[in-house]
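Numbering (the numbering used here), first residue to last: 147 to 269.
Cβ atoms here follow ideal geometry from the backbone N, Cα and C, with glycine treated the same way.
Right, one structure below, let's go through it.
Listed below in structure tokens is the structure:
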């Protein structure tokens, strides 16, 4: 039980670190339709209780997949910059991290997930 608590603590810390939305929110004039489409796609696709197979069928293979103890897993997805308009691709590649972190339970069902939007630059 202690290792699960420690691993979930690590995951929650990781979620906090990658979720820059509170401190590095994109301004309206830097948001693109590509960012918004990605957010909407995630919100429409990911539902608590969905299976890993359903998630992979909808979103493809995750960028990162991490096994936790007691059969739990975390998938991390990021926006494909090639889906953005050309004028936004350079800025995104250098400065922004948009994505989703999905926690699966031991039955490989979505337990919880979080959308992350923000800047990785220390501006």
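By the beta-carbon neighbour count (other beta carbons within 10 angstroms, threshold 16), residue 209 is exposed.
Residue pairing from DSSP places residue 260 in a beta bridge opposite 247. Boundaries of the beta strand (DSSP E) around residue 210: 210-213. A buried status is given to residue 201, since no fewer than 16 other beta-carbon atoms sit within 10 Å of its beta-carbon.
Per the C-alpha coordinates, the member of 261, 215, 260 positioned closest to residue 253 is 215.
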